[in-house]
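*Asks:* The structure under discussion is supplied below as structure tokens; questions concerning it will follow.
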Amino acid sequence: MQADRYSRFVGWLKVLLPLLALGLLSTLFLLSRAIDTETVIPFADKEIQDRLRDQQVTGPVYQSVTANGDQISFAAQKLTTPQGQTDGNEAEEIEINMELASGSTLMVTADRGVLDISQDTADLSGDVVITTSTGYRIESQKLTTLMSTTQVTSPGPVHADGPIGTLDAGAMTLNPAIDDEPAHLVFTNQVKLIYMPKQDEE
1 MQADRYSRFV GWLKVLLPLL ALGLLSTLFL LSRAIDTETV IPFADKEIQD
51 RLRDQQVTGP VYQSVTANGD QISFAAQKLT TPQGQTDGNE AEEIEINMEL
101 ASGSTLMVTA DRGVLDISQD TADLSGDVVI TTSTGYRIES QKLTTLMSTT
151 QVTSPGPVHA DGPIGTLDAG AMTLNPAIDD EPAHLVFTNQ VKLIYMPKQD
201 EE
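Each residue of the sequence shown is one higher than the one before, starting from 1 at the first, in full-length UniProt numbering.
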């Protein structure tokens, strides 16, 4: 008699345990949090589109040292490679620092430019300003500089203010140091100088 009860008990367990397991599984599915497929991505549509279209680098820095020992540092706020463009990278908010072996320094800033490392050039445009440690400030709308030397050229008009006065010219070139001759600025094409020497302090 006892054996029959035990057999019936085991039989009920074989039925109840699978049902209990199914009940637990269904509870887990009901209580699980549904995935929100409408969650907003934390990027603006325009930003996503721009990043998909352009390859972008933020805060790039390029440095080189010339054979004469001049140090050149090129930095930009942003560097992009527009789709289909193969002749350089577009840069914004550019700053170029040149530490010459002679001890002088130059800083060049520009709103934008095209950097082409393969051609060793940086074409700057939009409010280009050169500031020198000798007290000169030179303004231009376009400037081309080589990235491996201190050669800088302005093919268009420039305006300069400095210790000796003001100067306007149709073009300008910064020639790199050669042998014992230091780097120097050359102004050409209808140069106009207003000489205003600094007054000696009494």
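The C-beta atom is built at its ideal place from N, Cα and C for all residues, glycine as well.
1. So, with DSSP's three-state summary, where would you put serine 133?
2. The beta strand (DSSP E) spanning serine 154 covers which residue range?
3. Can you tell me which residues form a DSSP beta bridge with methionine 98?
4. Helix, strand or coil: which one does DSSP assign to isoleucine 164?
5. Using only CA atoms, which one of Thr80, Leu79, Thr105 and Val57 lies nearest to isoleucine 72?
6. So, under 8 Å CB-CB, leucine 79 and leucine 115 are touching, yes? Tell me the CB distance rounded to an integer number of Å.
7. Who does glycine 113 pair with in a DSSP beta bridge?
8. Less than 9 Å between the C-beta atoms of alanine 177 and alanine 75, yes or no?
9. Give the straight-line distance between the Cα atoms of lysine 192 and threonine 145, rounded to the nearest whole angstrom.
10. May I ask you to report which of helix, strand or coil DSSP gives glutamine 56?
*Replies:* Straight from the coordinates:
1. coil
2. 152 to 154
3. Per the DSSP secondary-structure output, methionine 98 pairs in a beta bridge with Ile72 and Leu106.
4. Isoleucine 164 falls in the coil class under three-state DSSP.
5. For the residues Thr80, Leu79, Thr105 and Val57, the minimum Cα distance to isoleucine 72 belongs to Thr105.
6. 7 Å
7. Ala91 and Leu124
8. no
9. 24 Å
10. strand
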